[in-house]
Each structure stands twice: as C-alpha cells, then as structure tokens.
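Asker: I have a structure here, written as structure tokens, and I will follow up with some questions on it.
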Amino acid sequence: MTTSRPPHIDASSASLEEWQKLAEKTLKGQPLSALDHRNEDGITHGALFTAADRVEGMSDALSAQGARRWVIAQYLEPEADAAVLNRAILDEVEGGTERLIITADQNPYILPDAMDGVMADAISISFDAAENPGDAAHALTTIWANQNTPAAQARGHLGIDVIGDVLTGRSVAAVAQAKMQVWIDELMPVAAEWPELGLFTLGGMRLHSFGLTSAQELAASLSHMVALMRMMEASGQQVEDAAARIEINIAMDADLYGSITKARAARVVMDRLYQSLGLRSDELSRRMRGVTSERMMSGLDRDTNILRNGTAMLAMGLSGLGQITCLPHDWLLGSTAMSRRVARNAHHVLADEAQLSHVADPAQGSYYLDAATHDLAQAAWRLFQQIEEQGGIFAALDNGMLAGWADAADADRKARVNQGEEALLGVTIHPLRGVVETGGTAISGTAINCLNGRSGLRGGPRRPAAPWEGLRLEFQEAMPRCLMVDVGGNGGSAASASRWFNAVGIDGAVMTARDAADARSIIASARPDVLVLGGDDEQIDDDELEGIAAVLPAAIFAADQDADMHAVFRAILESLMDASGGTPPDRNTTGQGVTS
12 MTTSRPPHID ASSASLEEWQ KLAEKTLKGQ PLSALDHRNE DGITHGALFT AADRVEGMSD
72 ALSAQGARRW VIAQYLEPEA DAAVLNRAIL DEVEGGTERL IITADQNPYI LPDAMDGVMA
132 DAISISFDAA ENPGDAAHAL TTIWANQNTP AAQARGHLGI DVIGDVLTGR SVAAVAQAKM
192 QVWIDELMPV AAEWPELGLF TLGGMRLHSF GLTSAQELAA SLSHMVALMR MMEASGQQVE
252 DAAARIEINI AMDADLYGSI TKARAARVVM DRLYQSLGLR SDELSRRMRG VTSERMMSGL
312 DRDTNILRNG TAMLAMGLSG LGQITCLPHD WLLGSTAMSR RVARNAHHVL ADEAQLSHVA
372 DPAQGSYYLD AATHDLAQAA WRLFQQIEEQ GGIFAALDNG MLAGWADAAD ADRKARVNQG
432 EEALLGVTIH PLRGVVETGG TAISGTAINC LNGRSGLRGG PRRPAAPWEG LRLEFQEAMP
492 RCLMVDVGGN GGSAASASRW FNAVGIDGAV MTARDAADAR SIIASARPDV LVLGGDDEQI
552 DDDELEGIAA VLPAAIFAAD QDADMHAVFR AILESLMDAS GGTPPDRNTT GQGVTS
C-alpha cells in the first residue's frame with residue numbers, strides 16, 4: 012500500500028503569498044515575473060490571476076447575447092464551368108455548410124446555372140469582396156427569382172470591402188472612399204426589397220493578412236464601421252437598417268488563448284460602438300464571423316495547417332461567434348474537394364461531438380480571459396481613437412499609418428521567429444525531411460506560388476513562414492554538405508544548431524573534436540560546404556577560425572544561438588554562391604568565406 016506525500020502547505024487556508032513562494036521555488040530564484048507573457052500588442056500578463064482581477068460585467072455582457080449553434084460558412088474555389096461549380100456546391104451543402112462564400116475570382120454570371128438541385132431558401136450565398144458588387148447582387152436576385160424564393164427567406168451577402176481593396180492593391184484610399192458611396196447609393200435600394208441581404212463587410216481577415224496585430228485589426232474594423240455608418244446616415248438610411256447590412260469577420264490563429272481573447276474583445280468593442288449609435292446588440296454575434304487565419308499557414312508542409320486550424324477552430328467555438336469559417340489546410344495554393352471536406356468536418360466535431368455551441372460564453376468565469384479581453388478591448392479602442400484623430404480609416408490608409416503598423420508588427424514577428432523565440436511548426440521546427448517536390452504550378456524552382464487573385468495574395472504579403480520557406484527552396488537548389496563540429500566535447504552548441512539547418516532542408520553530420528587541431532583534421536577530411544563550429548570558445552579564437560576556413564570549399568558558421576538565423580543562412584547561401592561563381596557548389600571547387 013502506498014500513501015501520498017502530505018502537501019507542503021494547508022491548501023484550505025493558504026494565502027496567495029504562500030502559493031507564490033512555492034511557485035518561486037520551482038523557478039530557481041527567479042521572480043514570478045519571469046513567467047510574464049507579452050503579446051504582440053505590447054500587453055503583458057502574469058501567470059496567476061485571481062478574483063481580484065475579475066472585470067465586473069465582462070462575462071455577463073458576453074453571455075447576454077445567448078447561446079446558439081454557429082452558422083457553418085465555407086469558401087468555394089472559383090470555377091469556370093457551371094456544372095463543376097454545381098458539384099462543389101452540392102458537396103458543401105450535403106456536408107452541412109449553411110453559408111456558401113464565393114471568392115472575388117468567381118464569375119458571378121454562372122452562379123444561377125450552378126444552382127441545380129440546390130434550394131436557395133435553405134442556404135445563404137455570400138460574396139467575398141466581389142469585383143463588381145452590382146454583378147454579384149444581380150446573380151443573387153436572379154437565383155432567388157428563378158426559384159421564387161420569398162424575400163424573407165432569401166439570405167445573402169455581397170461582402171463589399173473597399174478597405175480590403177486598398178490593402179490588397181486593388182484600389183487607393185480616395186477611389187475606395189468614392190466607391191463606398193457609390194455602392195451605398197446603388198445597392199441600398201436593392202437591399203430594401205430583400206431584408207436579409209447584407210452589403211458591407213468589415214474585413215478583419217484582410218487586415219490580419221496585411222500584417223496588423225489583434226488590437227490594430229479591431230481598431231481598423233471599428234473605424235471602417237464608423238465610416239460606413241456616417242455615409243449611410245448621410246444618404247438617408249436609418250441607423251438600424253444600416254447596421255443590419257454590415258458584418259465583421261475576424262481572423263483567428265493558432266494562439267488559442269490569444270484568439271479567444273480577440274474574439275471576445277471584438278464583441279466587447281462592437282457592443283460599445285453599437286451602444287454609442289443607439290443600437291441594440293442582440294444580433295451582434297450573428298453578424299460576426301470568425302475565419303481561420305491564412306497568415307499563420309505553411310505553404311510547404313500544408314498538413315500542419317490542419318493542426319493550426321484545429322486550434323483556431325477551438326478558439327472560435329469557445330468565443331461565441333455566430334458564424335465560423337475553417338479555411339482548407341491547402342488554401343494558400345488552392346484547395347481540393349478533400350481538403351474542403353476536412354475543413355467542414357472540423358465544425359461537426361466541435362459543434363456536434365464536443366457540443367461547444369450549447370454555451371453562450373464558454374470562457375466565462377476565467378479571471379485570465381476576462382482580464383485579457385478587457386485589456387485587448389481597451390487597447391483596440393485607444394488605437395481606434397488614434398485612427399479617428401488622423402481623420403478616419405481612409406486617412407489612415409492614405410497617410411501610411413496602417414502600413415507602418417503592419418511593417419513594425421511584421422518586423423517584430425520575424426525577429427521572434429529568426430531568434431528562436433517563436434517556432435513555426437513544419438517550418439522552423441519539425442520541417443519536412445528530404446527533397447520538396449517542385450516544378451508544378453504550386454511550387455516552382457525557389458518560389459511557393461500562393462494564389463494571387465482579385466482578393467489579394469493568399470496568406471498576405473507578410474506571412475511569417477514565407478521567408479523560411481523561400482530559403483528552404485533556395486538551399487535545395489544548392490544542396491550543400493554540412494558538418495557540425497563541437498570542439499572540446501562540451502556545450503554541444505554546434506549540434507544544437509542542427510534544427511535550424513533542418514529548417515532549410517540540410518541534414519548535417521555531427522562530430523566532436525578534442526581540440527582545434529583535431530577539428531582541423533576532421534574538417535580537412537570531410538571538406539564540407541558549410542561548417543558549424545561550436546563548443547569551447549577558449550580553444551577557438553579568431554586566428555583559429557581563419558585557419559579552419561582556409562581548408563573549406565565555401566562557408567563557416569560559428570554557432571551563436573542569439574543570432575538572427577534567417578540572416579545567417581542568407582549569408583551562408585551568398586557565400587556558397589560566391590565560392591561557386593553564382594551557381595550551386597561544385598564538389599571539386601575550392602574557395603572560402605567566413606560567416607559568424
């Protein structure tokens with residue numbers, strides 16, 4: 012018979028200070044602040060939250076919107092043939108999709124012919140930044156007219172996002188602002204005949220793919236909403252009807268708690284804006300759609316995106332969003348029927364098997380999530396006010412404010428990845444082994460050809476995995492031989508650098524040398540293209556490095572775990588090319604270069 016060890020303290024009467032002392036023992040002298048986490052918006056949270064951190068009214072406000080099963084909203088890939096598009100539509104509807112989303116590259120005029128066997132009153136048909144919203148509206152009304160769909164049961168959305176058009180390079184701020192007014196004037200009369208026809212989308216997905224942080228994305232969406240409401244009111248529209256024609260989408264990534272916080276904060280700030288406009292927020296959740304992030308995806312190891320999507324989907328299910336979209340895991344390069352089926356099934360697992368849709372606010376009661384939601388909502392509101400002080404969303408686009416935010420956030424993300432503070436599954440850790448197949452339309456030479464259509468480059472211009480994936484393909488062209496040598500038998504710093512070499516597709520041999528002389532002998536025998544040298548710094552000074560480099564055909568890399576690893580590998584690649592006259596290294600060519 013075994014007995015458990017008694018607790019260190021009496022948990023029933025322990026004070027917070029006593030718990031903190033126990034925690035600090037495990038930190039080996041470090042303070043509890045060593046566990047603090049700082050997100051990309053600069054908001055710092057500690058490791059422990061108590062009732063003292065509870066934000067009064069936060070969870071109550073979120074729960075008040077009620078529990079409901081979310082709407083399954085999924086994208087269709089563009090098709091030139093109506094029969095092929097019809098098969099894809101039937102697959103979605105039979106698989107449980109309730110809202111079909113048509114991409115900007117789809118010719119809307121073939122949609123009515125692609126609805127054979129599909130009951131228009133049983134689904135919602137929406138567009139994602141259609142090139143011509145007037146054509147999209149005509150396609151929808153034709154479908155409804157063909158099937159004699161009652162106006163009250165005709166559900167659709169035009170997805171007009173003029174801000175997204177600017178972000179993706181399809182327009183400029185002044186033109187986009189003018190177009191917004193044009194579409195209000197032309198399409199609000201059409202919408203008056205169809206009460207369930209939405210018009211405008213606050214495109215958080217495109218703001219996210221552009222590179223903005225969570226708070227910045229929410230702030231820009233708020234400013235977009237204000238611009239729309241001002242124009243619609245000026246055009247004589249009632250506030251309630253104007254708001255009913257606007258929905259918001261939010262990008263959700265694989266940061267589980269960060270995404271839960273973001274979705275809840277979006278509901279908080281939108282509720283605050285609704286209240287300032289004198290609107291009821293009962294239907295707010297129904298007008299919010301979460302979308303799994305395309306910016307977080309890998310273009311090389313696409314199967315790892317299933318894991319990313321799963322985490323983002325869980326976050327959305329725990330956030331009370333009214334509509335949810337799971338992008339297929341091969342979305343960047345063009346999805347298939349199978350990947351779209353996998354994406355659909357993610358909904359059913361969470362909603363039907365896990366029954367996450369039965370609770371209004373599953374995160375309620377978490378001191379951490381309530382506090383984090385409050386902090387993010389406050390940060391987003393402050394940034395929203397900054398945008399408005401600049402003159403609104405169009406001014407912020409025109410003067411480069413949003414682009415500056417995106418550039419700074421992107422630089423910070425890349426620095427964290429390049430210095431190993433943040434790992435990208437399938438990219439910088441556990442990458443695909445062996446040669447990546449190239450030569451097709453998706454991956455050719457040293458380029459991953461993410462689809463780039465009217466709605467912009469899939470994944471956006473600042474996708475964190477893109478620089479490393481490009482580097483991987485460039486090294487695959489070079490195919491260098493790599494040797495990793497630790498001198499002195501201590502430290503293992505060269506061997507520990509192997510994961511970075513795996514990230515660019517290089518499997519290096521790892522050896523240990525007794526001293527610098529032994530290292531030179533090993534290197535002279537192996538004659539690698541790339542050398543990783545680590546171990547005892549006292550045994551290798553600058554002269555030794557130069558001496559070792561003299562026997563190398565190309566490059567030397569002194570292991571430094573604090574370096575910008577992407578810059579290191581870029582320098583290695585350039586050294587290899589210089590040594591071989593701009594072509595992949597020839598095993599019989601000699602030359603040298605030093606990178607440290």
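In the working numbering, the protein residues as written are 12 to 607.
Heads up, the beta-carbon is just placed ideally off N, CA and C, and yes, glycines get one too.
#1: Tell me whether residue 352 sits in a helix, a strand or coil according to DSSP, three-state version.
#2: What are the uninterrupted segments assigned as alpha helix (DSSP H) that are 4 or more residues long and contained completely in the region 275 to 336, given in chain order?
#3: Locate the beta strand (DSSP E) running through residue 379, then write down its first and last residues.
#4: Under 6 Å Cβ to Cβ from residue 358, same chain only, skipping five residues before and after it: list those, please.
#5: Mind checking who residue 531 pairs with in its DSSP beta bridge?
#6: Could you check if residue 490 is buried or exposed, using at least 16 other CB atoms within 10 Å of its CB as the buried criterion?
#7: Is the beta carbon of residue 543 closer than 8 Å to that of residue 505?
#8: Go to residue 513, then tell me how far its alpha helix (DSSP H) extends in each direction, as first and last residue.
#9: Look up residue 495 in the DSSP assignment and give the residues it is bridged to.
#10: So, is residue 193 buried or exposed, given that buried needs 16 or more other C-beta atoms within 10 angstroms?
#11: To the nearest angstrom, how far is it from the Cα of residue 586 to the Cα of residue 511?
#12: Could you give the uninterrupted runs of the beta strand (DSSP E) lying entirely in the region 415 to 456, keeping only those of 3 residues or more?
#13: Taking the continuous beta strand (DSSP E) assigned at residue 211, which residues delimit it?
#14: Is DSSP giving residue 65 helix, strand or coil here?
#15: What residues match up with residue 259 in a beta bridge as DSSP calls it?
#16: Quick one: using the 10 Å Cβ neighbour count with 16 as the cut-off for buried, is residue 48 buried or exposed?
#17: Within 8 Å, do at least three Cβ pairs link the region 266 to 278 to the region 220 to 236?
#18: Pull up the distance between the alpha-carbon of residue 215 and that of residue 495, whole angstroms please.
#19: Taking 7 Å as the line, does the beta carbon of residue 248 fall inside it for any heavy atom of the ligand NAP?
#20: Evaluate the contact criterion for the region 290 to 298 versus the region 316 to 323: three or more CB pairs, one atom per stretch, below 8 Å.
#21: Name the one or two DSSP bridge partners that residue 86 has.
#22: Who are the near neighbours of residue 265 in its chain, counting only those whose CB is closer than 7 Å to its CB and skipping five residues on each side?
#23: Taking the alpha-carbon positions, what's the residue 395 to residue 478 distance?
#24: Between residue 169 and residue 156, how many whole angstroms is the CB-CB distance? I'm expecting something under 8 Å.
#25: Tell me the DSSP secondary structure of residue 55 in three-state form.
#26: Is it true that the CB of residue 165 sits closer than 8 Å to the CB of residue 120?
#27: Please classify residue 601: does DSSP put it in a helix, a strand, or coil?
#28: Under 8 Å between the Cβ atoms of residue 96 and residue 90?
Answerer: Let's see:
#1: helix
#2: Every alpha helix (DSSP H) of 4 residues or more that sits fully in the region 275 to 336 is shown, in chain order, as 315 to 328.
#3: Looking at the DSSP string, residue 379 is not in any beta strand (DSSP E); the run it does join, the alpha helix (DSSP H), is 378 to 401.
#4: 83
#5: Its beta-bridge partners do not exist; DSSP assigns none.
#6: exposed
#7: If you check the CB distance, residue 505 and residue 543 come in under 8 Å.
#8: 509 to 514
#9: Bridge partners of residue 495: 521 and 543.
#10: exposed
#11: 17 Å
#12: none
#13: 208 to 214
#14: coil
#15: 213 and 299
#16: exposed
#17: yes
#18: 45 Å
#19: Judged by which ligands are present, the structure shown has none, so any question about the ligand NAP falls away.
#20: no
#21: 112
#22: 307, 319, 322 and 323
#23: Their Cα atoms are separated by approximately 31 Å.
#24: Not a contact, Cβ separation roughly 17 Å.
#25: strand
#26: Residue 120 is not a Cβ neighbour of residue 165, given a cutoff of 8 Å.
#27: Only weak support exists for where residue 601 lies, its pLDDT of 36 falling under 50; the coordinates are left without a value.
#28: yes
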